[in-house]
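A short worksheet on the structure shown next.
Chains as they are written, first to last, in full-length UniProt numbering: chain A, 1 to 327; chain B, 1 to 443.
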């Protein structure tokens, strides 16, 4: 035989899936929601998204090249994905310099300080988002009116903020309803909010695509959203004056974006379906607690970060069902 | 709903190029190298020496213990030497070299192909004949068959499960055997049932072999004791534990053998060999081998004498393609990459797979993104990512506690890893080490 043969242990065939493919598929699943945010917020949405993506990839390149002194891996898609998710989590009116700081924190602190892709305990985009929320609360909670709105106002409150404010002032939920968008508006995305979170329907479309391509399993999103629905439903049945019906919570704020795209971040969520059940329920419960009883109108980012912290513990103690019964 | 096993599993591209190629008798080789260890257990002891004349079917090496098997000459001619040579394992193994002259068989072997259905042998006679004929599991694991047929005291076989799954991609040897030798196969199954004193046998076949399922169903329509069980296509369904689970729903406990749930599993090739041994006095001297690959011009199924050099099979299948990057003895999931075609076909050789160059190379491993796919696909319910990490860090107690010894080395984890991590490589390493530790504890 003239040439050398490859000798390697089995298996000799391999799935065509790769880390890059997974990342780009998630990005593709986010495209409908991105298009919708451009439609709603115009060029601002383009500006924020481009800035976030370029900044995340740029910082990843610089840090890997000059600080970590390793071959930059910005083409694996994970930095671009972090950028898009970060953009999705901020108001479209956010000043450019703030989003750049957010990108630096997301990639630098959230991901590379732990060693890069696969080693970060917390979702990098959420690390960036929460950092910005705490550091720049005003800019992070001024929600622009969509470019199609027939009004002179420049900013508005999100449905969750309207609800929170009203309940705090002792108004019964039923009286607040006419200030809130209808469920149909919430479903297709005619409301104020962070860039990428407003259209529940298009986020669900992305979910369907990811399920079809087997990028993620159904477990985490269904347990998160199911828990929000059940827990809020119990509260609603106990006191409908104080607590709104559960579907409202599923369609507002970052519930869909968080459950489908942030909680499912593979690196920071448990490996086993049993673990994902615990993780999802935890996120749902904390979200409902913060939204109804906490200081912030929205809480899914905090809920996901808190449960990210439990992931190693869950991985260590929740074992898959072993064949043959041994624990 | 088709039956299958519940936990894990993957579905690699099937690529059964040779599925419609009838079994062809390969021309007699000019010379053979027959290793004395072609089975799990003690190697057989050579009985011949340089210069001896041997006939087809003559015992040339005697089983070296209870868990061992006789080796017979697959050709007639002159022993040229008893020496070391490389087999599929890549290591030099002792074996017998025979220069072929003519094709002279031992007189007691019946060489015509008429079906002999009737038998009056009792369990002991059948097992003795199987032992005598050197029959081992032909699925690839090569466990001596007579040992399986003698369950240890206290355990009792309730059923025989025939493995016609052939879940490895590319391979079609069992498929063709089931299609072409159905009646003989059924006699073999009845013989095995008689040897085990069970009155129920199941033949598990994956649903990508519909023709084999149909033809065997027809053949045993009148015999309620043998049942064909079509199975969903899913790797590694040919694994004993997975097959038992798929067919009966019973789960072999961790660390136990199939007999613990009353099952004995045998490959279709083995059942056919049992037929030939008991009804025709023919020892295990040939087997069906699939020779296949994407760029091979003539993927085929050959009936091959044991000891035939693999390159003769590949020549008969159109020759080694220009773009060959890897040669595998066995299937792509569990087979062994070999350094050259200068190796003999042995009792465990189910296929020769030629892979083109780009497919042959491994991709660079990336960071684990903890997607959990390896956990989802593991048919034993293990956590391959974790077992790899603890093996890499040599934390053996942890590896043992997390059931590393339960790994059946099916490779589903490595197959499915999007980051191309060498999961199974490290788990194998860990299994070796943990196995050593467990053995030293027993001493």
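All C-beta atoms, glycine included, are put in the ideal place defined by N, C-alpha and C.
Residue 88 of chain A by DSSP, collapsed to three states: which one? helix
Quick check on residue 318 of chain B - is its C-beta less than 8 Å from some C-beta in chain A? no
Just verifying my parser: in three-state terms, what is the DSSP assignment at residue 22 of chain B? coil
Indicate whether at least one CB of chain B lies closer than 8 Å to the CB of residue 132 of chain A. no
Which residues bound the alpha helix (DSSP H) around residue 201 of chain B? Looking at the DSSP string, residue 201 of chain B is not in any alpha helix (DSSP H); the run it does join, the beta strand (DSSP E), is 201-206.
Measuring only the C-alpha atoms, how far is residue 325 of chain A from residue 415 of chain B? 25 Å
Residues of the segment 354-373 of chain B in Cβ contact with chain A at a cutoff of 9 Å, in chain order, please. 355, 357, 359, 360, 361, 362, 363, 366, 367, 368, 369, 370, 371, 372 and 373
Please tell me whether residue 428 of chain B has its Cβ less than 8 Å away from any Cβ of chain A. yes
Just how far apart, CA to CA, sit residue 278 of chain B and residue 407 of chain B? 36 Å
According to DSSP, is residue 292 of chain A part of a helix, a strand, or is it coil? helix
Cβ-Cβ distance between residue 184 of chain B and residue 275 of chain B below 8 Å: yes
Below 9 Å on C-beta distance, what does residue 350 of chain B contact in chain E? Annotation note: the requested chain E is absent from the structure, which comprises protein chains A and B.
Chain A within 8 Å of residue 385 of chain B, Cβ atoms only: yes
Report the partner residues of residue 328 of chain A according to the DSSP bridge assignment. Summary: the structure shown does not reach residue 328 of chain A, with chain A confined to residues 1 through 327, and so no result is reported for it.
For residue 103 of chain B, count neighbouring Cβ atoms within 10 angstroms of its own Cβ and tell me buried if that reaches 16, exposed if not. exposed
Sort B:51, B:380 and B:358 by Cα distance to residue 13 of chain A and report the nearest one. B:358
Quick check on the DSSP output: what are the complete beta strand (DSSP E) runs of length 3 or more inside the segment 76-147 of chain B, in order along the chain? 77-86 and 92-100
So is residue 190 of chain B buried or exposed if we call it buried at 16+ other beta carbons inside 10 Å? buried
What number of angstroms, rounded off, separates the C-alpha of residue 42 of chain A from the C-alpha of residue 261 of chain A? 23 Å
Can you tell me which residues form a DSSP beta bridge with residue 163 of chain B? B:204 and B:267
Let me confirm a value: residue 327 of chain A is counted as buried when at least 16 other C-beta atoms fall within 10 Å, else exposed. Which label applies? Its pLDDT being 47, under 50, residue 327 of chain A is placed unreliably by the model, and the measurement read from it follows with that caveat. Residue 327 of chain A should be labelled exposed.
Proximity test, residue 112 of chain B beta-carbon vs the ligand COA heavy atom, cut-off 7 Å: In the structure shown, the ligand COA is absent, as is every other ligand, since no ligand is present at all.
Since residue 425 of chain B meets chain A, which of its residues come closer than 9 Å, beta carbon to beta carbon? 8 and 9
Short Cβ contact (8 Å threshold) for residue 199 of chain A with residue 36 of chain A: yes
In the DSSP output, what is residue 31 of chain B paired with across the bridge? B:99
With DSSP as the reference, label residue 53 of chain A as helix, strand or coil. helix
Buried/exposed call for residue 312 of chain A, threshold 16 Cβ in 10 Å: exposed
Residue 178 of chain B lies in the alpha helix (DSSP H); which residues open and close that run? 173-180
Determine the extent of the beta strand (DSSP E) in which residue 337 of chain B is found, giving its start and end residues. 336-338
If you measure beta-carbon to beta-carbon, which residues of the segment 12-28 of chain A are closer than 8 Å to chain B? 12, 13, 14, 15, 17, 18, 19, 21 and 22
Between residue 300 of chain B and residue 176 of chain B, what straight-line distance do the alpha-carbon atoms span, to the nearest angstrom? 10 Å
So that I know if they touch, is there some Cβ in chain A lying closer than 8 Å to that of residue 327 of chain B? yes
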